[in-house]
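Note sheet for the following structure.
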Amino acid sequence: MNHNFFDTKVEFLKGLGPIKATVLNKEINVFTYADLIQRYPFRHEDRTQFHQISDIVADMPYIQLKGKIKFIETVGEGSKERFIAYLRDSTGDIELVWFKGINYIKKFIQLNHEYIVFGKPSEFNGKINISHPEIELYNPQEAKEQGALFPVYNTTETMKKKMLDSKALAKAIKQLIPLALPHIRETLPEDVLQENQLISKKEAIANIHFPKNMDMLQKAKNRLKFEELFYTQIRLLQQNLYRKVTYQGFVFKSTVLLTEFYKNHLEFDLTNAQKRVIKEIYKDMTCGKQMNRLLQGDVGSGKTIVAFISMLMAIDNGFQVCLMAPTEILAEQHYQGLKKYADSLGIPIDILTGSTTSGGRKLIHDYLETGDLKILIGTHALLEEKVKFKNLGLAIIDEQHRFGVEQRSKLWHKNADVFPHVLVMTATPIPRTLAMTLYGDLDVSIIDELPPGRKPIKTVHRYDSHRLKVFGFIREEIEKGRQVYIVYPLIEESEKLNLKNLMDGFESIARAFPEYQTSIVHGQMKPKEKDYEMQRFSRNETQIMIATTVIEVGVNVPNASIMIIENAERFGLSQLHQLRGRVGRGSEQSFCILMTKYELSKDARERIKVMVETNDGFEIANTDLKLRGPGDLMGTQQSGILDLLIADLAKDGAILEQARNVAHKILTEDPNLQAYKNACIKHQLSSLSKNSTNWARIS
Ligand code: ADP
Ligand code: MG
Numbered sequence: 160m161n162h163n164f165f166d167t168k169v170e171f172l173k174g175l176g177p178i179k180a181t182v183l184n185k186e187i188n189v190f191t192y193a194d195l196i197q198r199y200p201f202r203h204e205d206r207t208q209f210h211q212i213s214d215i216v217a218d219m220p221y222i223q224l225k226g227k228i229k230f231i232e233t234v235g236e237g238s239k240e241r242f243i244a245y246l247r248d249s250t251g252d253i254e255l256v257w258f259k260g261i262n263y264i265k266k267f268i269q270l271n272h273e274y275i276v277f278g279k280p281s282e283f284n285g286k287i288n289i290s291h292p293e294i295e296l297y298n299p300q301e302a303k304e305q306g307a308l309f310p311v312y313n314t315t316e317t318m319k320k321k322m323l324d325s326k327a328l329a330k331a332i333k334q335l336i337p338l339a340l341p342h343i344r345e346t347l348p349e350d351v352l353q354e355n356q357l358i359s360k361k362e363a364i365a366n367i368h369f370p371k372n373m374d375m376l377q378k379a380k381n382r383l384k385f386e387e388l389f390y391t392q393i394r395l396l397q398q399n400l401y402r403k404v405t406y407q408g409f410v411f412k413s414t415v416l417l418t419e420f421y422k423n424h425l426e427f428d429l430t431n432a433q434k435r436v437i438k439e440i441y442k443d444m445t446c447g448k449q450m451n452r453l454l455q456g457d458v459g460s461g462k463t464i465v466a467f468i469s470m471l472m473a474i475d476n477g478f479q480v481c482l483m484a485p486t487e488i489l490a491e492q493h494y495q496g497l498k499k500y501a502d503s504l505g506i507p508i509d510i511l512t513g514s515t516t517s518g519g520r521k522l523i524h525d526y527l528e529t530g531d532l533k534i535l536i537g538t539h540a541l542l543e544e545k546v547k548f549k550n551l552g553l554a555i556i557d558e559q560h561r562f563g564v565e566q567r568s569k570l571w572h573k574n575a576d577v578f579p580h581v582l583v584m585t586a587t588p589i590p591r592t593l594a595m596t597l598y599g600d601l602d603v604s605i606i607d608e609l610p611p612g613r614k615p616i617k618t619v620h621r622y623d624s625h626r627l628k629v630f631g632f633i634r635e636e637i638e639k640g641r642q643v644y645i646v647y648p649l650i651e652e653s654e655k656l657n658l659k660n661l662m663d664g665f666e667s668i669a670r671a672f673p674e675y676q677t678s679i680v681h682g683q684m685k686p687k688e689k690d691y692e693m694q695r696f697s698r699n700e701t702q703i704m705i706a707t708t709v710i711e712v713g714v715n716v717p718n719a720s721i722m723i724i725e726n727a728e729r730f731g732l733s734q735l736h737q738l739r740g741r742v743g744r745g746s747e748q749s750f751c752i753l754m755t756k757y758e759l760s761k762d763a764r765e766r767i768k769v770m771v772e773t774n775d776g777f778e779i780a781n782t783d784l785k786l787r788g789p790g791d792l793m794g795t796q797q798s799g800i801l802d803l804l805i806a807d808l809a810k811d812g813a814i815l816e817q818a819r820n821v822a823h824k825i826l827t828e829d830p831n832l833q834a835y836k837n838a839c840i841k842h843q844l845s846s847l848s849k850n851s852t853n854w855a856r857i858s
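Counting with the numbering used here, you get residues 160 to 858 for the letters of the sequence shown.
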């Protein structure tokens, strides 16, 4: 095989050499030309555009200034010490402030020299300043040579010390680009480029680093994002297609139990969304191919019944089913919810978790192998070697963002020849862009309708100082016959603190409401004790339930109409939404009150705001994605696929949608990519799967 230009080690680039190459290897994982050229700048400086100091107001985005340092001083002492430099242009003065690295900056700054300053203005004590700006000497000659838009790259402290700052990187990349251009292959078919108005790969690579102008920079970004997302999507869709062609699935035609349940045991009418989703699942389970489906629905949308009806399809045909949840509490919740239905039909059901006794375990293993046990609910414990089904027909996975693809497939392999059907459920909605990326290989069903008669929950934000008023409101509602949840956050570091928090809350409530009964439930109670308290509350023997987040899942008390969340600022958005979902289950108007301290971080304020404004789980999930970023939102386990070089799932939803549609159309027309015009895709996919260099990932 020819040596690939892009596999060349960076040390061979003029001006870099072995020592700097080692720094690049160690600091930013840059080994080859491919790695270097894909080190995209995070912004560009426009060396011709400067703000005037007199125009600056607080909370402006990042701005660029040009001026001379007129005066410097060090004020404060010890940890309060700071260094201030006064920058002046023809319109005014502004303070530049440093709290750290003072010695270094002191040496660097010279009075009356002209500097370019880049930073974000903020207000402090009624005065506007810029803290820790980027600052460099202005060099008019250089500015002219570099052109207007100059790339700025992320670097590390070590790199800067070793003379590999952003400028040095820019210089190296500027060397590399003309050498690289002849070797860059187009990776998207001509018709895709034209129909989607994308520039060529060569133009994109050249312009992402050194754009001709703003417009070309935008086009370069767009093209590279499209390409990156296109290839993630085409691979996912190919897997989906491949599975459908390759894997046989059990055919579940008989519907005796299903009909019996539907006619005689179902207590309510299914919503249209539930019916639609059940039809989609039924179609999968009768078509002879293995089902791989994601079921999404907001809190309270009625996923449990859909899961149960799907189970019946398998059981009806002599098969077993299992449901795997990420935690014991969730497994227990599913077990409780499903047992009711299973018992009504006399179907054997059991639960297997880490805390199942060894005797109980043995019994379950035996009954599974004989095929007598039909429904098994559990945690990861279901994946153990010892757990052997006689004939597993359907595996339901309550994903809650926690199972990786590998674990999903491990579950399938419990059958030798034919894999069981797989239904993945999520407890809360996942933003569309994430769902398309993480579960892009699955078919998707969405329950987008709540059962009838639900009144939207009213959500308000109250400060701790309004506690008395809130208590008054609680009293009014209890007098009307309602019940109340009060939830305290889990403090991760300290079990003791959790309990103290909760007990303090309990005491103050007991004191404020002596005429009512109060339950308390927390993580350190034995399951039996918890259960007992939950039962009392659900029978309305207690009116107030004080709990930690253990009640986030697992309770369904329609008469409870108030959810008070203490220290709401400490909760994540999806958790707040889950908690809120505990009320609004009956016919009465329900309320959710978010209690916080007065001082809130910007993110916390945003979380509270979106909770107050909407009940829509999908909208909340989108905000969550914007605030936290995809990696954080989904947990590390699955973040590999979210490791994108340039696309951003929080912002590039439209491009993703477009890329997926294009990928879908191509695979529908040409599943094996045999058309001449698609040769470049095929080529690219094979170099992607070799995955020899980072470059191969997208080029
Ligand atoms: P989730 O999707 O959050 O798991 P559940 O399956 O727990 O929701 O359902 C929430 C509540 O709504 C349960 O009490 C369930 O019995 C009830 N429910 C589900 N579907 C319907 C329906 N079609 N009509 C009325 N109530 C329903
Ligand atoms: Mg549920």
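C-beta atoms are modelled at their ideal positions from N, C-alpha and C, and glycine is treated no differently.
Because the structure is a prediction, the values reported are computed rather than measured.
Asked	Found
Element boundaries [beta strand (DSSP E), containing Ala-719]	719 to 724
Sequence-distant residues of its chain with Cβ nearer than 7 Å to Gly-251 (five each side left out)	Ile-212, Ser-213
From Ala-379, Leu-335, Ala-822, residue whose alpha carbon lies closest to that of Gln-356	Ala-379
Sequence ranges, beta strand (DSSP E) only - wholly within the segment 382 to 424, length at least 3	none
Asn-431 classed as buried or exposed, judged by whether at least 16 other C-beta atoms fall within 10 angstroms	exposed
Exposure label - Glu-725; buried when at least 16 CB within 10 Å	buried
Alpha helix (DSSP H) segment containing Met-219, residue limits	Counting along the chain, Met-219 falls outside any alpha helix (DSSP H), and DSSP gives it neither H nor E.
Per-residue burial, Ser-749 [other beta carbons within 10 Å of its own, 16 or more giving buried]	buried
Beta carbon of Ile-287 nearer than 7 Å to that of Ala-244	no
Beta-carbon proximity check, Gly-812 vs Pro-588, cutoff 7 Å	no
Reduced DSSP secondary structure (H/G/I, E/B, other) of Ser-858	The pLDDT assigned to Ser-858 is 27, lower than 50, so where the model puts this residue is not dependable; a value taken from the coordinates is nonetheless given after this. Three-state DSSP puts Ser-858 in coil, outside helix and strand.
Segments of 4+ residues assigned as alpha helix (DSSP H) that fall wholly inside the segment 253 to 315	261 to 267, 299 to 305
Environment of Pro-341 [buried if 16+ CB atoms lie within 10 Å]	exposed
Selected residue, minimal CA-CA separation from Asp-762, among Arg-741, Val-742, Ala-727	Ala-727
Element boundaries [beta strand (DSSP E), containing Thr-445]	No beta strand (DSSP E) holds Thr-445; the alpha helix (DSSP H) holding it covers 431 to 445.
Beta-bridge pairing of Ala-244 - partner residues as DSSP gives them	Ile-231, Leu-255
Segments of 3+ residues assigned as beta strand (DSSP E) that fall wholly inside the segment 758 to 784	none
Limits of the unbroken alpha helix (DSSP H) element including Gln-642	Unbroken run through Gln-642 is the beta strand (DSSP E), 642 to 646; no alpha helix (DSSP H).
Simplified DSSP assignment, three categories, for Gln-211	coil
For Arg-621, the residue or residues it bridges with in DSSP	Met-754
First through last residue of the beta strand (DSSP E) which encompasses Ala-554	551 to 557
N- and C-terminal bounds of the beta strand (DSSP E) containing Ser-514	Per DSSP, Ser-514 belongs to no beta strand (DSSP E) and is neither H nor E.
Ser-460: CB within 6 Å of a non-hydrogen atom of the ligand ADP	yes
contact_flag[the segment 606 to 619, the segment 449 to 462] where n(CB pairs < 8 Å) is 3 or more	yes
Heavy atom of the ligand ADP within 6 Å of Asn-188 beta-carbon	no
Under 7 Å between C-beta atoms of Arg-741 and Met-722	yes
Reduced DSSP category for Arg-206 - H, G, I as helix; E, B as strand; rest coil	coil
Cβ-based neighbour list, Val-821, same chain, cut-off 7 Å, excluding 5 preceding and 5 following	Val-351, Asn-355, Phe-389
Sub-7 Å separation of Ile-468 and Tyr-494 beta-carbons	no
Neighbour flag for Leu-649 against chain C, beta carbons, 7 Å	The structure shown contains no chain C; it holds only a single protein chain.
Three-state secondary structure (DSSP) of Thr-795	For Thr-795, the predicted structure reports a pLDDT of 46, less than 50, and the residue's modelled location is therefore unreliable. A value from the coordinates is still provided. Of the three classes helix, strand and coil, the one that applies to Thr-795 here is helix, per DSSP.
Per-residue burial, Leu-396 [other beta carbons within 10 Å of its own, 16 or more giving buried]	buried
Thr-430 beta carbon near the ligand ADP (any heavy atom closer than 6 Å)	yes
Alpha carbon of Asn-163 to alpha carbon of Pro-177, nearest angstrom	20 Å
Local conformation of Gln-817 per DSSP, three classes	helix
Alpha-carbon spacing of Glu-170 relative to Ala-329, whole angstroms	16 Å
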